[in-house]
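Visitor: Sharing a structure here in structure tokens format.
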Amino acid sequence: MSKQTATLFVFFLAAAFIFTACQPTSTTNEPTVTAQPTSSAQPATTDATTQSVKQMLADASYQTPAGAEQVAFTLTVDEAGVITDAQTTVQGKAPISIMRQTSFAEALPVALKGKKLSELSKIDKLGGSSLTTGAFNAALANLKSQL
Amino acid sequence: MTVLTFQALGTEWSIDIDAELQVKALPKLEKLLLTQTTSFEHQFSRFIEGSEVTQWRVAAAGTYSVSAQMVELLSIAEKLRGLTDGYFDPAVGGLLEVIGYDPSYSLIPDEAKIDSWKTPIWTLNTTQQTITVNGPIIFDLGGIAKGYWIDQLSQLLLEQGYSHHLVEGGGDIMATDKEDGSSWKVALAWPGQPDQVMGQVWLKNQGLAASDISQRSWGKWHHLLNIKEKTPTAQFIGCATIAASAAAADQMTSVLALTHSTLWPTAAAQLSAEYMVLNHDQTATTSQRWSGELF
Chain A
311 MSKQTATLFV FFLAAAFIFT ACQPTSTTNE PTVTAQPTSS AQPATTDATT QSVKQMLADA
371 SYQTPAGAEQ VAFTLTVDEA GVITDAQTTV QGKAPISIMR QTSFAEALPV ALKGKKLSEL
431 SKIDKLGGSS LTTGAFNAAL ANLKSQL
Chain B
-4 MTVLTFQALG TEWSIDIDAE LQVKALPKLE KLLLTQTTSF EHQFSRFIEG SEVTQWRVAA
56 AGTYSVSAQM VELLSIAEKL RGLTDGYFDP AVGGLLEVIG YDPSYSLIPD EAKIDSWKTP
116 IWTLNTTQQT ITVNGPIIFD LGGIAKGYWI DQLSQLLLEQ GYSHHLVEGG GDIMATDKED
176 GSSWKVALAW PGQPDQVMGQ VWLKNQGLAA SDISQRSWGK WHHLLNIKEK TPTAQFIGCA
236 TIAASAAAAD QMTSVLALTH STLWPTAAAQ LSAEYMVLNH DQTATTSQRW SGELF
């Protein structure tokens, strides 16, 4: 199994587990996870400028109290095997499945690279950096000098 | 645009007013903002001896009168304590002191005192304006006081007739709108990297707050603690939140920093807040309706 395929497999096993775990279940009828990548993960065509980036598609099915559900993923994986983008195609039938799949799709983390402040067009204010107090900095410098 | 700056509550403050102020009005306004902020600091800073939050440092168990504003702040704290399942508690002040984050900034943890430290128990009676404590307690209002005060200054500016403004204190913000009705564009600093940004947001009658784990740390400790385990928390690198007020945004950052992610959606709904979290692997997780741009 290639690194990318392994990455994909782990990703969607986790996703299927989350959907299943979130469903209300009876104690006598535990849901089963039947996660199978479709004919292993298939690299899709990517544009010429990003040869090392692969897109991978997979379908997953899982059992819920309301019956079997399907969900599809498209993952973009870079040369190091890191997922840089992930799209979920919601295919749920039961309302609760649609809700879970939608909220999972929205909660997927995205990779950040950041920008230099100078790259931004005019901003009004720089926020979000809780500044360390002068007194704290002085104390820390003093502490370090004693080490 | 008129910009006023001053230092208070251990950080830098800047007030942008979208209007040309008369030159003679400036010093008066500046003095008003500074005087009020300094007075708030003297009453509620844990770092100032004789402040209201430290007056039960050696108190016996009992019921004590508190000021109206202390009731207001402790009411906010009490709600947040509930929202965070007890992981936020202003009674953490005493624990912060024994790990070295004390008024003299010793930054030397006292392991024996950490081991024996127990969370003091306090209850608030809002009608009587009293608190009941089970013994010595030091309140730390970090996580609520700055956002609260940013909103107070915004209110003060409205009362003074300056409707179009942005109040910023140490990176947290409350902004109304600009004179032409448009939003304020605010870049979000990348935690720990001053010239790097992780995104930008547009604020209009909204507050913004941020928490940064990389700051204020020494050894294994930093200023955000798990009060139940008596350990530093480090769930992520940093976070930013947006809500209708700076106070609500500030409270949401405490929820994110101190509680498990399963509690976040409920708290966000209660506080009508949106959030983004920068994870250790440099990915961002956002709430469903986060409207800012991420880079």
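Each protein sequence line maps, in turn, to chains A and B.
Each residue of the first sequence is one higher than the one before, starting from 311 at the first, in my numbering.
Each residue of the second sequence is one higher than the one before, starting from -4 at the first, in my numbering.
Cβ atoms here follow ideal geometry from the backbone N, Cα and C, with glycine treated the same way.
Find the nearest neighbour of D434(A) within the set A241(B), V162(B), V93(B), T261(B), judged by alpha-carbon distance.
Guide: On the first sequence, position 124 is the one that residue 434(A) refers to. Per the Cα distances, V162(B).
Visitor: Could you check how far apart the C-beta atoms of R41(B) and D105(B) are, in whole angstroms? I think they sit under 8 angstroms.
Guide: Locating residue 41(B) in the second sequence gives position 46, where the first residue counts as 1. Locating residue 105(B) in the second sequence gives position 110, where the first residue counts as 1. In fact, because the Cβ distance is near 17 angstroms, the residues do not count as touching under 8 angstroms.
Visitor: Helix, strand or coil, according to DSSP, for G437(A) in the structure here?
Guide: Position 127 of the first sequence, counting from 1, holds the residue named residue 437(A). Looking at G437(A) - three-state DSSP - the assignment turns out to be strand.
Visitor: Could you check which residue in N274(B), E224(B), G81(B) has the C-alpha nearest to that of C234(B)?
Guide: Numbered from its first residue, the second sequence carries residue 234(B) at position 239. Of the candidates N274(B), E224(B), G81(B), the one whose C-alpha sits nearest the C-alpha of C234(B) is N274(B).
Visitor: Name, in chain order, the residues that DSSP records as bridge partners for M271(B).
Guide: Residue numbering aside, residue 271(B) sits at position 276 when the second sequence is read from its first letter. A235(B), T281(B).
Visitor: So what does DSSP say about L78(B), is it helix, strand or coil?
Guide: Counted from its first residue, the second sequence places residue 78(B) at position 83. Note: L78(B) maps to helix in three-state DSSP.
Visitor: Straight-line CA distance for D172(B) to K180(B)?
Guide: Within the second sequence, residue 172(B) is the residue found at index 177, counting from 1. Within the second sequence, residue 180(B) is the residue found at index 185, counting from 1. Rounded to the nearest angstrom, the two C-alpha atoms are 11 angstroms apart.
Visitor: At what residue ranges does the segment 101 to 178 of chain B contain a whole run of the beta strand (DSSP E), taking only runs of 3 or more?
Guide: The qualifying runs are 117 to 120, 125 to 128, 160 to 164, 167 to 170.
Visitor: Would a check of beta-carbon distances place F39(B) closer than 8 angstroms to chain A?
Guide: Working through the second sequence from its first residue, we reach residue 39(B) at position 44. Closer than 8 angstroms: no.
Visitor: Which one or two residues does DSSP pair with N221(B) in a beta bridge?
Guide: In the second sequence, the residue the question calls residue 221(B) occupies position 226. Per DSSP, T226(B).
Visitor: Please check if any C-beta of chain A sits within less than 8 angstroms of the C-beta of L289(B).
Guide: In the second sequence, residue 289(B) corresponds to position 294, counting from 1. By this cut-off, L289(B) is an interface position.
Visitor: Can you find the residues in the same chain that come closer than 6 angstroms, C-beta to C-beta, to Q2(B), ignoring five residues on each side of it along the sequence?
Guide: Mapped onto the second sequence, residue 2(B) falls at position 7. Within the same chain, Q2(B) has no close Cβ partners at all.
Visitor: For S62(B), count the other beta carbons within 10 Å of its own beta carbon; 16 or more makes it buried, fewer makes it exposed. Which is it?
Guide: Here the question's residue 62(B) lines up with position 67 in the second sequence. Exposed: under 16 other Cβ atoms inside 10 Å.
Visitor: With DSSP run on the structure shown, which of helix, strand or coil describes M193(B)?
Guide: Reading the second sequence from its first residue, position 198 is the one you call residue 193(B). Here M193(B) sits in strand by DSSP.
Visitor: Going by other Cβ atoms of all chains shown within 10 Å of its Cβ, with 16 needed for buried, is V18(B) buried or exposed?
Guide: Reading the second sequence from its first residue, position 23 is the one you call residue 18(B). By the 10 Å Cβ count, V18(B) comes out exposed.
Visitor: Tell me which residue opens and which closes the beta strand (DSSP E) that L203(B) is part of.
Guide: As a first step, residue 203(B) is located in the second sequence; it is residue number 208 there, counting from the start. 201 to 207 is the extent of the beta strand (DSSP E) around L203(B).
Visitor: Flag this pair as yes or no: are the beta carbons of T254(B) and A244(B) separated by less than 8 angstroms?
Guide: Locating residue 254(B) in the second sequence gives position 259, where the first residue counts as 1. Locating residue 244(B) in the second sequence gives position 249, where the first residue counts as 1. Not a contact, by the Cβ cut-off of 8 angstroms.
Visitor: Taking Cβ positions only, does K251(A) come closer than 8 angstroms to chain B?
Guide: The structure shown does not extend to residue 251(A), since chain A spans only 311 to 457, so no value can be given for it.
Visitor: Measuring CA to CA, which of A54(B), S34(B), G142(B) is closest to Q291(B)?
Guide: No answer is possible for residue 291(B): it lies beyond the span of chain B, which begins at -4 and ends at 290.
Visitor: Suppose the cutoff is 8 angstroms on Cβ atoms and the five residues either side in sequence are ignored; what does the same chain contact list for W112(B) look like?
Guide: Position 117 of the second sequence, counted from the start, is the residue given in the question as residue 112(B). Only G89, L90, V93, K225 meet the Cβ criterion.
Visitor: Quick one: what's got a C-beta closer than 8 angstroms to T79(B)'s C-beta in the same chain, skipping five residues either side?
Guide: Your numbering for residue 79(B) matches position 84 in the second sequence. Contacts found: S249, V250, L253, T254, L258, A262.
Visitor: Looking at Q380(A) and T398(A), is the spacing between their C-beta atoms short of 8 angstroms?
Guide: As a first step, residue 398(A) is located in the first sequence; it is residue number 88 there, counting from the start. As a first step, residue 380(A) is located in the first sequence; it is residue number 70 there, counting from the start. Result no, Cβ atoms of T398(A) and Q380(A) do not sit closer than 8 angstroms.
Visitor: Whose C-alpha, out of K425(A), L436(A), A376(A), A368(A), is nearest the C-alpha of D402(A)?
Guide: Position 92 of the first sequence, counting from 1, holds the residue named residue 402(A). The sequence shown places Gly at residue 402(A), not Asp. If we check each option's Cα against that of G402(A), A376(A) comes out closest.
Visitor: Roughly how many whole angstroms lie between the Cα atoms of Q64(B) and S371(A)?
Guide: Within the second sequence, numbered from 1, the residue matching residue 64(B) stands at position 69. Within the first sequence, numbered from 1, the residue matching residue 371(A) stands at position 61. Each residue's alpha carbon lies about 56 angstroms from the other.
Visitor: Could you tell me which chain A residues have their CB closer than 7 angstroms to the CB of V181(B), listed as they occur along the chain?
Guide: The sequence position of residue 181(B) within the second sequence is 186, counting from 1. Near V181(B) (Cβ distances below 7 angstroms), the residues of chain A are I433, D434, K435, G437.
Visitor: What residues from chain B crowd round P419(A), counting only those whose CB sits closer than 9 angstroms?
Guide: The residue labelled residue 419(A) in the question sits at position 109 within the first sequence. Those are V272, N274, D276, T278, A279, T280, T281, listed as they occur along chain B.
Visitor: Between which two residues does the beta strand (DSSP E) harbouring K19(B) extend?
Guide: Counted from its first residue, the second sequence places residue 19(B) at position 24. It is not in any beta strand (DSSP E) - K19(B) carries neither H nor E in the DSSP assignment.
Visitor: Cα-Cα, which of E288(B), V272(B), F290(B), S240(B) is closest to L307(B)?
Guide: Summary: the structure shown does not reach residue 307(B), with chain B confined to residues -4 through 290, and so no result is reported for it.
Visitor: Look at the alpha carbon of V(-2)(B) and the alpha carbon of A140(B), and state the distance between them as a whole number of angstroms.
Guide: Position 3 of the second sequence holds residue -2(B). Position 145 of the second sequence holds residue 140(B). Going by the C-alpha atoms only, they are around 23 angstroms apart.
Visitor: By Cβ distance, which residues of its chain are closer than 6 angstroms to T58(B), with the 5 residues on each side in sequence left out?
Guide: Position 63 of the second sequence holds residue 58(B). Hits under 6 angstroms: T125, T127.
Visitor: Taking C-beta to C-beta, are P419(A) and A279(B) nearer than 8 angstroms?
Guide: The residue you call residue 419(A) lines up with position 109 of the first sequence. The residue you call residue 279(B) lines up with position 284 of the second sequence. It is a contact, given that the beta carbons lie within the stated cut-off.
Visitor: For T398(A), which beta-bridge partners are listed by DSSP?
Guide: Position 88 of the first sequence, counting from 1, holds the residue named residue 398(A). Paired residues: F383(A).
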